[in-house]
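Step one of this worksheet: look at the structure below.
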Amino acid sequence: MTDTPEIAAELRRRLAHAHAPYSGVQVAAAVESEDGRVTYGVNVENAAYPLGQCAEASAIGAAVTEGPTRLTRVYVASSLPGLVWPCGGCRQKIFELAAEGCEVVSLGADGEVGRQTIEQLLPLGFRLEPRAGRRV
Ligand code: THU
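Okay, so the sequence shown: first residue is 155 according to this note's numbering, each after it adds one.
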């Protein structure tokens, strides 16, 4: 397992990279892949509000870009007090690529840590079998 305090420090540092001029809420996420790779992302808002992208989606996109990815852990930190958990849409994005037992770790500014499996956050998530002959 990757060192959680080290990732927490990286996420805190990267909150400043978030593009969040509309909500003012900065979010940073990291995804750990089965091979141990850790990939980061931040939220990227847009003047056309619905086009904004969550930090988790940014991190997942970056991880997939690097190569085959099964997620073992997802970390989230924000500029808000307390713990934040992925929105419904991001839960489904995590679910899509989750390895068995994939855990979401929420990291608060004060050192508070919350852990939930993706199955706890998204029971009965939607899944489709990949079509025959298609790469996953
Ligand atoms: N946001 C994330 O990036 N991840 C979450 O888990 C919750 C919300 C972003 C979306 C938007 O840019 C801002 O936080 C306020 O909703």
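Don't be surprised by glycine CBs; every beta carbon is placed ideally from N, CA and C.
Length of the line joining the Cα atoms of residue i and residue j
i           : j           : result
residue 269 : residue 285 : 33 Å
residue 252 : residue 182 : 19 Å
residue 263 : residue 179 : 13 Å
residue 220 : residue 210 : 16 Å
Extent of the continuous beta strand (DSSP E) to which residue i belongs
i           : result
residue 265 : Unbroken run through residue 265: none, as it is neither H nor E.
residue 218 : First-last for residue 218: 209-220, but that is the alpha helix (DSSP H), not the beta strand (DSSP E).
residue 254 : 252-261
residue 179 : Run containing residue 179: none; DSSP gives neither H nor E here.
residue 233 : That residue, residue 233, is in no beta strand (DSSP E); it is neither H nor E in DSSP.
Closer than 7 Å: residue i CB and nearest ligand 1 heavy atom
i           : result
residue 279 : no
residue 199 : yes
residue 242 : no
residue 266 : no
residue 177 : yes
residue 253 : no
Any C-beta of chain B under 8 Å from that of residue i
i           : result
residue 246 : In summary, chain B is missing from the structure at hand, where a single protein chain is found.
Closest by C-alpha distance to residue i, when choosing among the options
i           : options               : result
residue 240 : 168, 213 and 220      : 213
residue 236 : 266, 215 and 256      : 266
residue 224 : 209, 216, 189 and 207 : 189
residue 192 : 255, 204 and 160      : 160
residue 227 : 184, 263 and 167      : 184
residue 169 : 196, 187, 157 and 261 : 196
residue 272 : 255, 264, 260 and 261 : 255
residue 171 : 250, 233 and 276      : 233
residue 259 : 180, 186, 179 and 167 : 186
residue 315 : 242, 231 and 157      : A query on residue 315 cannot be resolved here, the shown segment of the chain reaching from 155 to 290 and no further.
residue 247 : 199, 238, 164 and 218 : 218
Residue i - containing alpha helix (DSSP H), residue span
i           : result
residue 168 : 158-168
residue 275 : 272-275
Residue i: CB within 7 Å of a non-hydrogen atom of ligand 2
i           : result
residue 233 : For the structure depicted, ligand 2 is absent and the ligand set comprises only ligand 1.
Q | Inter-stretch contact (C-beta, 8 Å, three-pair minimum) for the region 173-182 and the region 267-285 | A | Because the criterion of three Cβ pairs below 8 Å is not met, the region 173-182 and the region 267-285 do not touch.
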